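Heads up: the structure comes next, in structure tokens.
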Amino acid sequence: MPIEPAASTGNLLLDALSGSDRALIERDLEPVTVARGDTILTADSGASPVIFPCDQTVVALVVATHDGRMAETASVGHDGAVGGIIGQGRLPNAVSGLVQVGGRVLRLDADRLREAERRSATFRDLFARYADCFLAQLLLIGACNAVHPIEQRCLRWLLTLQDRTGGDTLPVTHELMAAMLGVQRTYLTRILRVLQEQGLLRAERGRITIVDRRAVSAAACACHARVRLHCEAVLGAVYGPDGPRRAAPDADAGPVSRTA
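Just so we're aligned, residue 8 is where the sequence shown starts under our numbering, counting upward by one.
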């Protein structure tokens with residue numbers, strides 16, 4: 008079913024398009040529902056569609072090692088897109104896309120995106136700016152993972168997830184978070200216990216609640232704020248002064264079944 012021209016898509020990048028630019032692709036946007044744990048992009052695969060997470064859906068880009076471990080290189084929510092967004096869509100994916108928070112996405116053939124970029128300079132400019140922000144996230148998170156202690160990395164990760172889900176209670180397990188941060192689950196559990204004792208968060212089974220966002224922001228490293236400020240400067244049509252405009256809380260944001 009095509010998206011209605013006047014309706015919000017639930018994705019800030021798509022909604023930032025002018026009416027004429029959005030008309031170039033709106034009939035080709037395919038709604039798909041994904042569940043937490045789904046792999047929607049596979050490393051080393053060929054053709055890759057462009058996938059726009061909507062509302063509270065969050066997709067992590069992860070690298071798997073030969074010994075079976077994985078680590079997150081970036082994540083994308085309703086503020087952007089993954090897949091064939093930067094390359095031509097026919098190039099192999101370097102990473103896999105793992106759904107962190109289930110929900111709705113819009114899928115677009117990469118060739119349709121390239122055609123729209125050829126036909127409209129304003130369309131091309133918006134997506135070039137997004138590619139810049141996406142690359143900035145990759146570079147800053149890579150540096151953060153290399154030099155900052157796990158406590159600060161943990162808080163940075165939680166702040167980013169909160170930006171994209173909009174609520175203080177985040178639907179994430181210790182196991183998933185540990186995998187994304189590249190640490191053992193038992194080690195992460197000890198770190199979360201310390202952060203809870205400091206009054207920053209509350210860790211429960213299957214969810215983590217940020218108790219005091221201001222205090223969490225102060226205790227985290229500056230990487231979350233640096234990504235936010237860079238994207239605000241480069242892509243102001245999508246990012247507000249407080250970072251990505253946060254989605255409204257939704258009690259049904261947990262895992263759901265995939266439907267074509």
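Ideal placement from N, C-alpha and C gives every residue a C-beta, glycine not left out. All values derive from a computational prediction rather than experimental measurement.
Unbroken alpha helix (DSSP H) run spanning residue i, endpoints
i: Val234; result: Cys230 to Val241
i: Thr193; result: Arg192 to Glu204
i: Ala186; result: His181 to Leu188
i: Thr129; result: Ala128 to Val154
i: Arg163; result: Ile157 to Thr172
i: Val223; result: Arg220 to Ala226
Reference residue i; option with closest CA among the options
i: Asp170; options: Ala229, Ser127 and Val65; result: Val65
i: Asp139; options: Arg235, Asp35, Gly174 and Arg200; result: Arg235
i: Val218; options: Arg212, Ala229 and Glu204; result: Glu204
i: Ala244; options: Leu36, Phe59, Ser25 and Pro60; result: Ser25
i: Arg119; options: Leu19, His231, Val112 and Phe130; result: Phe130
i: Gly110; options: Glu79, Val190, Arg121 and His85; result: His85
i: Thr16; options: Ala123, Val112 and Arg209; result: Val112
i: Gly90; options: Ala123, Gly75 and Pro60; result: Pro60
i: Glu79; options: Thr193, Glu211, Asn18 and Cys161; result: Cys161
i: Arg29; options: His237, Ala128 and Gly75; result: Ala128
i: Arg220; options: Ser27, Ala117, Arg163 and Gln63; result: Arg163
i: Cys270; options: Arg233, Asp116 and Ala23; result: With the chain covering only 8 through 267, there is no way to say anything about residue 270.
First and last residue of the uninterrupted beta strand (DSSP E) at residue i
i: Gln107; result: Ser103 to Val108
i: Glu79; result: Met77 to Val83
i: Thr216; result: Arg214 to Ile217
i: Val70; result: Val65 to Ala71
i: Leu24; result: Taken as a continuous stretch (DSSP letters only), Leu24 belongs to no beta strand (DSSP E), as it is neither H nor E.
i: Ala210; result: Leu208 to Glu211
i: Glu37; result: Glu37 to Val41
i: Ile47; result: Thr46 to Leu48
i: Pro60; result: Val57 to Pro60
Beta-carbon contacts of residue i that lie in its chain and below 6 Å, excluding the five residues immediately before and after
i: Ala255; result: With a pLDDT of 40 at Ala255, under the threshold of 50, the predicted position of this residue should be treated as unreliable, and no value is reported.
i: Ala71; result: Met77
i: Arg114; result: Glu37, Val39, Pro56 and Ile58
i: Ala101; result: none
i: Ser103; result: Thr46, Leu48, Thr49, Ala50 and Val69
i: Asn18; result: Phe59, Cys61 and His85
i: Gly189; result: Ala78
i: Gly213; result: Thr180
Proximal residues to residue i (C-beta, below 8 Å), its chain only, five neighbours per side dropped
i: Tyr137; result: Leu20, Gly87, Ala88, Ile92, Leu242 and Val245
i: Phe141; result: Ala81, Val83, Gly87, Ile92 and Ile93
i: Ile215; result: Leu165, Thr176, Leu177, Val179, Met184, Leu199, Leu208 and Arg209
i: Ala267; result: Here the model assigns Ala267 a pLDDT of 30, short of 50, so the residue's position is not dependable, and the following value carries that caveat. Answer for Ala267: Val39, listed in chain order.
i: Pro262; result: With a pLDDT of only 33 at Pro262, under the threshold of 50, the placement of this residue in the model should not be trusted; the figure read from the coordinates follows. Cβ within range, chain order: Ala42, Arg43, Gly44 and Gly109.
i: Gly191; result: Per the sequence presented here, residue 191 reads as Gln, with Gly not at that position. For Gln191, where only same-chain residues beyond five positions count, the Cβ hits under 8 Å are Ala185.
i: Ser27; result: Ser127
Residue i and residue j closer than 8 Å at C-beta
i: Leu207; j: Ala222; result: yes
i: Arg126; j: Leu48; result: no
i: Val106; j: Asp45; result: yes
i: Thr167; j: His231; result: yes
i: Met187; j: Ala42; result: no
i: Phe134; j: Glu124; result: yes
Same chain, Cβ closer than 7 Å to residue i, neighbours up to 5 away in sequence not counted
i: Thr196; result: His181
i: Ala23; result: Leu133, Ala244 and Val245
(request) Evaluate contact between the region 54-64 and the region 141-151, counting only Cβ atoms and requiring at least three cross-stretch pairs below 8 Å. (result) Not touching, per the Cβ criterion.
(message) Count Cβ pairs between the region 223-240 and the region 148-157 that sit closer than 8 Å; are there 3 or more?
(response) Under the Cβ criterion (8 Å, minimum of three pairs), the region 223-240 counts as touching the region 148-157.
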